[in-house]
Every structure is written in structure tokens, then in C-alpha cells.
Amino acid sequence: MEVLEIKQIPVLRDNYIYMIREPISNHVAVIDPAVGQIVLQKAKQIKWKITHILNTHHHNDHVGGNLEIKKQTGCKIVGPLYDTKRIPGIDIEVKETQKFLFGKIECQILYLPGHTRGHVAYWFKKANALFCGDTLFSVGCGRVFEGTMKEMWESLRKLRSLPTDTSVFCAHEYTEQNIKFAISIDPNNEKLKEKEFEVKSLRAINRPTVPFKIGEELQINPFLRADDTALKACLNMPSSKPVDVFTEIRTLKDNF
């Protein structure tokens, strides 16, 4: 029996909502519901009773379905302490290093400021599953809206230290565009070229490129490699501090 069942629901232009079920307790959580009705229909179809919503941050394309789902199911809404006033319907506040039982499986909170001030991720270590919202994408990372570049770099360092077999469930399908950018600044990375072929093949048949593994990202994601000697050389920044290299990469991507 799986320790955590995971369903991926594509919505809007490029969002992913996740529904997870802990099979012993039958606890069901919706992670970052951009919309409500589609989630409720999916839950009805597969006969899952929603007990929780887990929000990573306050942006509307992550909380837009909160109140509709809560009204229909009576579920509890979990969200970051730092975003309490910006998470619709929040019941339970969580913060860095906090752990809680979701049914019979432990979830650890990782505080990841950068994209927003309050951003968190939900890490189910036993299931090798990380739900990280808009902090880490395949071959990319979120824009830095409310935090600082230093905060975002430290948040990404936190994620890259997780076990390499961790499956990352991010909230958007951005991989194809991210790879185009990554190759533009890291043109000699053979692993990146292999990934480009794989991603193009998947997207050609409308298949998701998410989830992905931390271990692979350590080789191909420029935002996790701001202290990598080869990448620093490509950027003509061989002696620069990692946070400055990260800032340059993020700025280049913002204008790509």
C-alpha cells in the first residue's frame, strides 16, 4: 500500500492542483486549489472526502478555491503563519520546522521566503514527496516578488539539501520555457540537452513534466547551481559570491 496517494489536476493555463490521500486514515488534502469546482468534481468522481486544504502561499492562483471547497466539505485550511491575513478561511497556522500528522504520515513544514514573505512547503519524507508551490520548478524557480534574492537563494539551498530521490510536486508547468533559458546560459550541459529532448517529447503529447527529482535538478537547474564552478565560468563570474550569481541568473531569466 502506498503511504500517500497523489492525484494531479491541471487547471487554468499552467497550474497544477494536487489531491493527496493517506489511505489508513482516509484523510484527503487539496494542495493549492486555484479553483474549487473542478476539485470538488474530481473528489466526487474518485470518492475521496476532502478533510484539509494545504496552502503554500497567498497568491490567488493557489487559494482561489479555498472558500468554495471549505463551504462544501467543512475541511480545515492549513497555511503559513506569516500569511494568516492573506489566506482565505485559514484554520491552522504552520511555521518553519513544525511537524504534524496528516492521518498516519508525518508532514514537515519548510519555510521558504523569497517568492512571497510567507511561502512554505509541505514535505512528506516517508513518501519522498515535496509540495513546494512556486519556490522550485523543474529547471527553474519562482520569481522573487516579496522576499530578497538572498532569501530565495537560501530557500533553494534548503530544498537542494533534501534526499536526491525526493519527488517534487510544484504548482506550474513551466519546464519547457525554463529549459530554453537554462541552455542559453549553460550551453555545454549535456544532461540539460537530454532533458530538453525528454520534455519536448512529453509536452508534444500534453503529458506533465512534473513531478521531478531533486537529484536530477542538482545537475540541470541553474538556480540550484549558483555556486557551481562551471556555471559561474559560463556567466563570466568565476570569483563572485553564490548569492550574486543567483541574482544575476534570476535577473536574466526575468528578462528572457
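For the sequence shown, the working numbering assigns the number 2 to the initial residue and increments by one for each residue that follows.
For each residue, glycine too, the CB sits at the ideal point set by N, CA and C.
Just so we're clear, the structure is a prediction, and the values are computed from it rather than from any experiment.
Query                                                                                                                                                                                 : Result
Please work out which residues of its chain come closer than 7 Å, Cβ to Cβ, to MET2, disregarding the five sequence neighbours upstream and downstream, and give them in chain order. : PRO24
Assuming LEU1 and THR167 make a contact with CB atoms under 8 Å, what is their CB distance in whole Å?                                                                                : With the chain covering only 2 through 257, there is no way to say anything about residue 1.
According to DSSP, is GLY141 part of a helix, a strand, or is it coil?                                                                                                                : strand
Taking only runs that begin and end inside the segment 61 to 113, name each unbroken alpha helix (DSSP H) of 4 or more residues, in chain order.                                      : 61 to 64, 67 to 74
Is the segment 29 to 48 in contact with the segment 66 to 81, if contact means three or more CB pairs nearer than 8 Å?                                                                : yes
Taking C-beta to C-beta, are ILE91 and ASN56 nearer than 9 Å?                                                                                                                         : yes
Any idea if LEU157 is buried or exposed, counting beta-carbon neighbours within 10 angstroms, 16 or more meaning buried?                                                              : buried
Report yes or no: do the segment 217 to 224 and the segment 151 to 165 share at least 3 C-beta pairs separated by less than 8 Å?                                                      : yes
Going by the DSSP bridge assignment, what does GLU23 pair with across the sheet?                                                                                                      : HIS28
Count the C-beta pairs between the segment 139 to 158 and the segment 99 to 118 that are closer than 8 Å, then say yes if the count reaches three, no if not.                         : yes
Under three-state DSSP, which class holds PHE146?                                                                                                                                     : coil
Within the segment 215 to 256, note down every full alpha helix (DSSP H) run reaching 4 residues or more, in order along the chain.                                                   : 215 to 221, 230 to 235, 243 to 255
Look at the alpha carbon of ARG14 and the alpha carbon of THR176, and state the distance between them as a whole number of angstroms.                                                 : 14 Å
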